[in-house]
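Participant:
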Amino acid sequence: MQSIYYINVTLWLIIINLCFAEQPADRGANEKTKQILTYIAQLPQQGKVLSGQFAGYSPDTFNTQQIDEIAGQTGQVPAILGCDYACGWNYKSPPQDIIDYTCNSVLKEHWNKGGLVTINMHLPNPVSAYGGGYKDRMNLNFADITNTNTETGQRWRLFLDRMAEGLNDLQQAGVTVLFRPLHEMNGDWFYWCNQDSNTFKNIWQDMFTYLTLTKNLHNILWIYSPDQSRTNPSIYYPGDGYVDIVALDVYTDNPESMQGYNEMLNLNKPFALGEVGPQNTNGQFDYTRWLTAIQSIFPRVAYFLAWNDGWSPIRNKNAYSFLNDERVINRNKINLGHGTSTEIETTPSKGKILYSFSNGIGEWKGANVVGGPWQSNEFMFQGMDSLKADIQLMTNARYALFTQDKSTFQLNGYKKMIAEAHVASWGFNNYGEISAKLYIKAGSYWKWYDSGSNKLNSRTATALVLDLTQMSSEELNDVQEIGIEYTSNEYGSNTAIYLSHISVE
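Going letter by letter, the sequence shown gives residues -21 to -1, 1 to 484 in mature numbering (1 follows the signal peptide of the UniProt record, and there is no 0).
1) Counting only the same chain and skipping the five closest in sequence on each side, list residues whose C-beta sits under 7 angstroms from that of residue 102.
2) For my contact list, residue 226 and residue 264 are in at a C-beta cut-off of 8 angstroms; report their separation, rounded to the angstrom.
3) Could you tell me which residues DSSP pairs with residue 256 in its beta bridges?
4) Taking 8 angstroms as the cut-off, decide whether the C-beta atoms of residue 310 and residue 31 are in contact.
5) Determine which residues share a DSSP beta bridge with residue 401 and list them.
6) Going by Cα to Cα distance, which pick from 164, 7, 213, 479 is closest to residue 442?
7) Can you list, in chain order, the residues of its chain whose CB lies under 7 angstroms from that of residue 393, leaving out five sequence neighbours each side?
8) Secondary structure at residue 472, three-state DSSP: helix, strand or coil?
9) Let me know the secondary structure DSSP gives residue 483 once reduced to three states.
10) Considering only C-alpha positions, which residue in the set 155, 440, 211, 458 is nearest to residue 427?
11) Out of 143, 22, 119, state which residue places its alpha-carbon closest to the alpha-carbon of residue 76.
12) Pull up the distance between the alpha-carbon of residue 477 and that of residue 90, whole angstroms please.
13) Determine the direct distance from the alpha carbon of residue 79 to that of residue 384, and round the result to whole angstroms.
14) Go ahead and label residue 346 buried or exposed: buried means 16 or more other beta carbons lie within 10 angstroms of its beta carbon, across all protein chains shown.
15) Is DSSP giving residue 136 helix, strand or coil here?
16) Go through the segment 178 to 211 residue by residue and report every complete run of the beta strand (DSSP E) that reaches 3 residues or more, in order.
17) Going straight from the alpha carbon of residue 456 to that of residue 312, what length do you get?
18) Look at residue 28 and residue 306 and say whether their C-beta atoms are less than 8 angstroms apart.
19) Would you call the segment 124 to 134 in contact with the segment 155 to 166, where contact means no fewer than 3 C-beta pairs closer than 8 angstroms?
20) Tell me the DSSP secondary structure of residue 444 in three-state form.
21) Using only the alpha-carbon positions, how far apart do residue 186 and residue 179 sit?
22) Can you round the beta-carbon distance between residue 212 and residue 243 to whole angstroms, since I take them to be within the 8 angstroms contact cut?
23) List, from N- to C-terminal side, the alpha helix (DSSP H) runs of 4 residues or more that fit wholly inside the segment 83 to 139.
24) Are the CB atoms of residue 388 and residue 343 nearer to each other than 8 angstroms?
25) Apart from the five residues just before and just after residue 329, which ones in its own chain have a Cβ nearer than 6 angstroms to its Cβ?
26) Let me confirm a value: residue 434 is counted as buried when at least 16 other C-beta atoms fall within 10 Å, else exposed. Which label applies?
27) Report the rounded CA-to-CA distance for residue 257 versus residue 231, giving the unit in angstroms.
28) Identify every residue that forms a DSSP beta bridge with residue 381.
29) Bridge partners of residue 396, per DSSP?
30) Please go through the same chain and pick out, in chain order, the residues whose beta-carbon is closer than 7 angstroms to the beta-carbon of residue 371, but skip the five residues on each side of it.
31) Roughly how many whole angstroms lie between the Cα atoms of residue 327 and residue 124?
32) With distances taken from CA atoms, which of 72, 97, 224, 82 is nearest residue 105?
33) Among the residues of its own chain, which have a CB less than 6 angstroms from the CB of residue 468, if the five just before and after it don't count?
34) What residue range is occupied by the uninterrupted alpha helix (DSSP H) comprising residue 268?
35) Look at the alpha carbon of residue 449 and the alpha carbon of residue 341, and state the distance between them as a whole number of angstroms.
36) Between residue 417 and residue 431, what straight-line distance do the alpha-carbon atoms span, to the nearest angstrom?
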């Protein structure tokens, strides 16, 4: 009798779990789409968050330049890649041709390497026969959007047909889309913002039904994403049967001040950050502050999508630490079985930053320099400020940035030291160049060890690698000086030398 009781209890638990498992709003969603929704919903329970990066508007600005920079400077590729199908400020006749999905080829490549993709659109105003007006209501009657007896409604239907072509192209390639239409609807800057809430819900529901049932798109997870800077973010919520994930778009210099979080959680859907970026401190924002805020105040965040250009982590501070944090899942850590990625994580498992300059220059000094050294954000690598000094270019002249602060010399147990050095592009004659070497002076005789000389690049950082295994344990415990020696090959005018940071592995 007891065994029958336990069997019944087990069966009921299984049934309960199935009933409360995250199910897509589209009941015909394909299996991969269901799998991804479940995966995203479970991430906060594991203390994990997916990284994401917006890559631009198709076709005007979409490119992978910042993705490549992120990979080069942090060793990571964001898990989610974003594209906008519509440059709604452009003019074109017919206006549906403004909707462009040529970014799909890049999205497919990202997917095939194990990543996820998200799409949003800044659609032109459908009241206009020539496009444009994404921030202008013109003479739009918002309710006409779902009325195909009006010109506005007919254009809107053509918009849906065009976006369906792009979404179906991804569906045919097996790609699930995190689809975030009509975002920031509670704001006051787009034509779909601050409209009658019931009309907005009708438009969303009509779009959902048309794309899902009429166009047979079953690869979509629907993201409802108001803006955190306005009140009542849930007032436009179209209903549980039309939304898979709720999000907030958050541009702030203080992540802990995000508003609307609890109101969105009350909708009982997985929660994400649809867009994130600094509000006023572009270039100076420390992205690791988001990790602190998520861990301490907003633990239900499943993923974030950083905006591009000056809002991107790679254009701000501590991108390396942010994307290499153990809580962040990048593309190479997703394990959903849809990619063929052979990426290898490049972050050293036991490495650490020995010197960085985002919080000042410490005890670093310059030799043979005409100015500095200073903390500078003129050249930022891996999201960190640099140490900068001005120099006068002379033939075979040597310059140095160095420290003799013994309290920072913690080298035992590491096999190599890596410095990221850089030089400005100005001041050189035709064949002028700067080379650099990372060095250590150790022991009572100040014995010299260095990385060998490397020519510096004015476009990015150059890694200088010093082999620590050539030094004895006694020498590693008796370091006198650590520095970078720069050498110019010919006469010129003034230029600048930079040191981004030094790490040990």
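For glycine and all other residues, C-beta sits at the position ideal for the given N, C-alpha and C.
Facilitator: To lay it out plainly:
1) Within the same chain, Cβ atoms closer than 7 angstroms to the Cβ of residue 102 are found at 65, 67, 113, 138, the five residues on either side in sequence being excluded.
2) About 20 angstroms separates the beta carbons of residue 226 and residue 264, which is beyond the 8 angstroms limit, so they are not a contact pair.
3) Looking at the DSSP output, residue 256 bridges to 230.
4) In this structure, residue 31 does not lie closer than 8 angstroms to residue 310 by Cβ.
5) DSSP lists 477 as partners of residue 401.
6) Distance from the Cα of residue 442 is smallest, within the candidate group 164, 7, 213, 479, for 479.
7) Excluding residues within five positions, the ones whose Cβ falls inside 7 angstroms are 447, 483, 484.
8) If DSSP states are grouped into helix, strand and coil, residue 472 belongs with coil.
9) Here residue 483 sits in strand by DSSP.
10) Relative to the Cα of residue 427, the nearest Cα in the group 155, 440, 211, 458 belongs to 458.
11) For residue 76, the nearest C-alpha among the options comes from 143.
12) C-alpha of residue 477 to C-alpha of residue 90: approximately 37 angstroms in a straight line.
13) Cα to Cα, residue 384 sits roughly 56 angstroms from residue 79.
14) Within a 10 Å sphere around the beta-carbon of residue 346 sit fewer than 16 other beta-carbons, which makes this residue exposed.
15) Reduced to three states, the DSSP call for residue 136 is helix.
16) Within the segment 178 to 211, complete beta strand (DSSP E) segments of at least 3 residues are found at 199 to 203, given in chain order.
17) Using only the alpha carbons, I get a separation of about 37 angstroms.
18) Yes, Cβ-Cβ distance for residue 28 and residue 306 is below 8 angstroms.
19) They do not touch, by the three-pair rule.
20) Annotated three-state conformation of residue 444 is strand, per DSSP.
21) Between the C-alpha atoms of residue 186 and residue 179 there is a straight-line separation of about 11 angstroms.
22) Confirmed, about 6 angstroms.
23) Counting only unbroken stretches of 4 or more residues, the alpha helix (DSSP H) elements lying wholly within the segment 83 to 139 are 83 to 91, in sequence order.
24) For residue 388 and residue 343, no; Cβs fall outside 8 angstroms.
25) Because the pLDDT of residue 329 is 46, which lies under 50, any placement of that residue in the model is unreliable, and the question is left without a value.
26) Burial call: exposed.
27) Rounded to whole angstroms, residue 257 to residue 231 spans 5 angstroms at the Cα level.
28) Per DSSP, 344, 462.
29) DSSP lists 445, 483 as partners of residue 396.
30) Excluding sequence neighbours, residue 371 sits near 349, 473.
31) Model confidence at residue 327 stands at a pLDDT of 37, short of 50, so the residue's coordinates are unreliable; what they give is reported in the following sentence. Roughly 53 angstroms between the two C-alpha positions.
32) Here the closest residue by C-alpha is 72.
33) Residues of the same chain with a CB within less than 6 angstroms of the CB of residue 468, apart from the 5 flanking positions on each side, are 412 in chain order.
34) Residue 268 -> alpha helix (DSSP H) spans 267 to 275.
35) Answer to the nearest angstrom: the Cα atoms are 28 angstroms apart.
36) For residue 417 and residue 431, the distance between alpha carbons rounds to 7 angstroms.
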